[in-house]
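Report on one structure; see the data block that follows.
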Amino acid sequence: AQKVTQAQTEISVVEKEDVTLDCVYETRDTTYYLFWYKQPPSGELVFLIRRNSFDEQNEISGRYSWNFQKSTSSFNFTITASQVVDSAVYFCALTSKAAGNKLTFGGGTRVLVKP
Amino acid sequence: GAVVSQHPSRVICKSGTSVKIECRSLDFQATTMFWYRQFPKQSLMLMATSNEGSKATYEQGVEKDKFLINHASLTLSTLTVTSAHPEDSSFYICSALLLAGVSEQYFGPGTRLTVT
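Just so you know, the protein sequences line up as chains Z and F, in that order. Residues 1 to 115 (the numbering used here) are what the first sequence spells out, left to right. Residues 1 to 116 (the numbering used here) are what the second sequence spells out, left to right.
Given below as structure tokens:
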């Protein structure tokens with residue numbers, strides 16, 4: 001069975017601070033895909049990134065960056081110079097073809113950015 | 001990008017009635033759609049996998065007679081909550097798979113169901 005753990009349930013920061021969200025996953029599949037989603041108060045899930053298990057390159061997109069470490073089964077997400085609009089719940093998720101493309105979500109981390 | 005819509009966005013119904021939620025892929029065909037439920041301050045939990053033209057596959061613990069899923073076309077899946085009770089109040093989210101292989105799931109905006 002697949003499992004995703006987001007140990008931090010809630011993080012509170014002041015605007016312009018950096019914040020890193022941890023994600024640890026478990027899977028027996030050798031080919032799998034990891035995702036991060038943002039869920040603002042409106043509830044709609046916003047796709048942020050997808051990474052496959054063969055691509056361990058870190059990625060940067062604007063103020064967002066991701067660190068994929070296969071050796072520790074982690075896929076951490078950093079928001080640099082946080083802004084109030086970053087306040088949301090962030091979910092890490094995992095899927096694979098062997099799992100029928102079903103997404104397994106972590107528990108989510110609520111980020112509160114204070115002005 | 002691929003767009004998925006859900007209707008209605010919010011619904012309030014009385015206990016004992018049934019409610020239908022529609023999930024549509026607007027600009028692509030989806031042979032597979034998924035239905036999730038999210039309780040307040042919790043994560044998304046997969047309820048069932050909906051495949052066009054065949055019966056849905058339900059996750060363990062999800063009552064298939066209570067949550068009826070129909071995927072009659074490549075762009076529409078419906079979830080009917082039958083004989084709804086207050087404990088069914090939740091945020092229901094659908095997603096559609098763009099391609100047959102592993103690809104991104106495109107999520108609908110969700111439907112907030114309140115059963116009084």
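C-beta: ideal position from N, C-alpha, C; glycine also.
Enclosing beta strand (DSSP E) for residue i [first to last residue]
i: S127(Z); result: Summary: the structure shown does not reach residue 127(Z), with chain Z confined to residues 1 through 115, and so no result is reported for it.
i: E63(F); result: Here E63(F) belongs to no beta strand (DSSP E), and DSSP marks it neither H nor E.
i: Y36(F); result: T32 to Q38
i: V128(Z); result: Residue 128(Z) lies beyond the stretch modelled for chain Z, which goes from 1 to 115, so this question has no answer here.
i: Q39(Z); result: Y33 to Q39
i: K114(Z); result: T109 to K114
i: K3(Z); result: K3 to T5
i: T72(Z); result: From DSSP, T72(Z) is part of no beta strand (DSSP E); its letter is neither H nor E.
i: F91(F); result: S90 to L97
i: S25(F); result: V19 to S25
i: P5(F); result: According to the sequence displayed, residue 5(F) carries Ser and not Pro. Per DSSP, S5(F) belongs to the beta strand (DSSP E) from V4 to H7.
i: R28(Z); result: Careful: R28(Z) lies outside any beta strand (DSSP E) and carries neither H nor E.
i: L79(F); result: L76 to V81
i: F107(F); result: Q105 to F107
i: A48(F); result: L44 to N51
i: I56(Z); result: Per the sequence presented here, residue 56(Z) reads as Glu, with Ile not at that position. Careful: E56(Z) lies outside any beta strand (DSSP E) and carries neither H nor E.
i: L103(Z); result: Taken as a continuous stretch (DSSP letters only), L103(Z) belongs to no beta strand (DSSP E), as it is neither H nor E.
Where residue i meets chain F, residues with beta-carbon distance less than 8 Å
i: G62(Z); result: By Cβ distance, chain F contributes nothing, its closest Cβ being about 18 Å from G62(Z), past 8 Å.
Beta-carbon proximity list for residue i, same chain, < 6 Å, skipping 5 on both sides
i: S53(Z); result: T31 and Y32
i: I109(F); result: Residue identity differs from the one stated: residue 109(F) is Pro in this sequence, not Ile. Result list for P109(F): Q6, in chain order.
i: Y58(F); result: A48 and K64
i: S25(F); result: V4, T75 and A96
i: Y25(Z); result: V4, S73 and L94
Cross-chain neighbours of residue i in chain F, by beta carbon under 9 Å
i: R28(Z); result: Neighbours of R28(Z) on chain F: none; closest Cβ ~16 Å, over 9 Å.
Interface residues of chain A facing residue i [CB-CB closer than 9 Å]
i: L103(Z); result: Judged by its chain identifiers, the structure shown contains no chain A, and its protein chains are Z and F.
Interface partners of residue i on chain Z, CB under 9 Å
i: P109(F); result: S42, G43, E44 and L45
i: F91(F); result: G43
Proximal residues of chain Z, C-beta to C-beta of residue i below 7 Å
i: T49(F); result: G100 and K102
Own chain, CB closer than 7 Å to residue i, minus 5 neighbours either side, in chain order
i: S90(F); result: R37, Q38, F39 and L113
i: A88(Z); result: K38, Q39, P40 and V111
i: H85(F); result: S15 and V115
i: S96(Z); result: T27, D29, T31, Y32 and Y33
i: L44(F); result: Y36, Q38 and I93
Sequence-distant residues of the same chain with beta carbon closer than 8 Å to residue i, five excluded per side
i: T9(Z); result: G107, G108, T109 and R110
Could you please tell me which residues of the stretch 74-94 of chain Z, in chain order, have their CB closer than 9 Å to any CB of chain F? Those residues of the stretch 74-94 of chain Z that come within reach of chain F (Cβ to Cβ, closer than 9 Å) are V89, F91 and A93.
Below 8 Å, how does it come out for the stretch 6-18 of chain Z and the stretch 72-83 of chain Z: are there three or more Cβ pairs, yes or no? Contact between the stretch 6-18 of chain Z and the stretch 72-83 of chain Z is present, because at least three Cβ pairs lie under 8 Å.
Quick test of the definition: if touching needs 3 or more C-beta pairs under 8 Å, does the stretch 41-60 of chain Z touch the stretch 99-109 of chain Z? no
Check whether the stretch 74-83 of chain F and the stretch 14-31 of chain F touch, using three or more Cβ-Cβ pairs below 8 Å as the test. yes
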